[in-house]
Amino acid sequence: MSRRPRNRKGAMDQINVTPLLDLTFVLLIVFMITTPLLEYAIDVTPPEMNADTIPDNNTVSIALNKRGEFTFDKKVVSRDDLLANLQKLRLNSPKTVVLVSADGTRSYNDVIELMKTVRDAGFSNVSLITSGESGD
């Protein structure tokens, strides 16, 4: 019997890419799942401010302490009481300057909510205290 020689060149005409595609899709899925789980955070240290002291006449101080409590003229009050006190003060003395301070451990969102409360009471003259007493 005569044997026919095999054509070795024909065996390499096609490359099986199925395993390569499987690996590519698995990696794509892994990256799609893990990327949203990564936490993107930037450590920001607010600047220290050097400002003149504000005179006590015609000012009221509001603070947010580290426990999340509001203080209005050094008395702890709820958010609703704070709003009521500010509205009453606005009626009696509309030119009052509101001094807002917050503990450094509180988030910016908490300070923003405090500023919204002051704005809702009708005050537009608001100053942020950047250092000094935080109302604890």
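No gaps in the numbering here: position 69 of the sequence shown is 63 in my numbering, and each next residue is one more. All residues carry an ideal CB built from backbone N, CA and C; glycine is no exception.
query = Roughly how many angstroms separate the alpha carbons of Ile9 and Asp16, rounded to a whole number?
reply = One-based indexing of the sequence shown puts residue 9 at position 15. One-based indexing of the sequence shown puts residue 16 at position 22. So the alpha carbons of these two residues sit roughly 14 angstroms apart.
message = In the DSSP assignment, the beta strand (DSSP E) including Ile9 goes from what residue to what residue?
response = In the sequence shown, residue 9 corresponds to position 15, counting from 1. No beta strand (DSSP E) holds Ile9; DSSP gives it neither H nor E.
request  = Output the boundary residues of the beta strand (DSSP E) element that contains Ala96.
outcome  = Within the sequence shown, the letter at position 102 stands for residue 96. Where Ala96 is concerned, the enclosing beta strand (DSSP E) starts and stops at Val91 to Ala96.
key: Contact belief for Leu122 with Val91 at Cβ below 8 angstroms, rounded distance in angstroms   = Translated into positions along the sequence shown, residue 122 becomes position 128. Translated into positions along the sequence shown, residue 91 becomes position 97. Not quite, the Cβ-Cβ distance comes to about 11 angstroms (not below 8 angstroms), so this is no contact.
inquiry  = Rounded to whole angstroms, what is the Cα-Cα separation between Ser101 and Ala57?
reply    = For the purposes of this step, residue 101 is taken as the residue at position 107 of the sequence shown. For the purposes of this step, residue 57 is taken as the residue at position 63 of the sequence shown. Near 13 angstroms, if we compare the C-alpha coordinates of Ala57 and Ser101.
ask   = Would Leu76 pass as a contact of Phe64 if the rule is Cβ separation under 7 angstroms?
value = If you number the sequence shown from 1, residue 76 lands on position 82. If you number the sequence shown from 1, residue 64 lands on position 70. In contact: Leu76 and Phe64 (Cβ atoms closer than 7 angstroms).
key: Option nearest Lys60 by Cα separation, candidates Asp97, Phe117, Pro88 and Asn79   = The count along the sequence shown starts at 1 and reaches residue 60 at position 66. Taking only the C-alpha atoms, the option nearest Lys60 is Asp97.
ask   = Taking all protein chains shown into account, do 16 or more other C-beta atoms lie within 10 angstroms of the C-beta of Val20, making it buried, or fewer, making it exposed?
value = Position 26 of the sequence shown, counting from 1, holds the residue named residue 20. Its Cβ having fewer than 16 others within 10 Å, Val20 is exposed.
inquiry  = Extract the residue ranges of the alpha helix (DSSP H) inside the region 64 to 119, only unbroken runs of 4 or more that lie entirely within it.
reply    = 73 to 86 and 102 to 114
ask   = Ser87: buried (16+ other C-beta within 10 angstroms of its C-beta) or exposed?
value = Residue 87 sits at position 93 when you count from the first residue of the sequence shown. With fewer than 16 other Cβ atoms within 10 Å, it is exposed.
request  = Grab the span of the beta strand (DSSP E) containing Ile56 for me, first residue to last.
outcome  = Counted from its first residue, the sequence shown places residue 56 at position 62. Its beta strand (DSSP E) spans residues Thr53 to Leu58.
task = Look at the alpha carbon of Ala115 and the alpha carbon of Leu108, and state the distance between them as a whole number of angstroms.
result = For the purposes of this step, residue 115 is taken as the residue at position 121 of the sequence shown. For the purposes of this step, residue 108 is taken as the residue at position 114 of the sequence shown. Rounded to the nearest angstrom, the two C-alpha atoms are 11 angstroms apart.
task = Return helix, strand or coil for Leu32, following the three-state DSSP convention.
result = Working through the sequence shown from its first residue, we reach residue 32 at position 38. Note: Leu32 maps to coil in three-state DSSP.
key: Val105 beta carbon less than 7 angstroms from that of Val112   = Counting from one through the sequence shown, the residue named residue 112 turns up at place 118. Counting from one through the sequence shown, the residue named residue 105 turns up at place 111. For Val112 and Val105, no; Cβs fall outside 7 angstroms.
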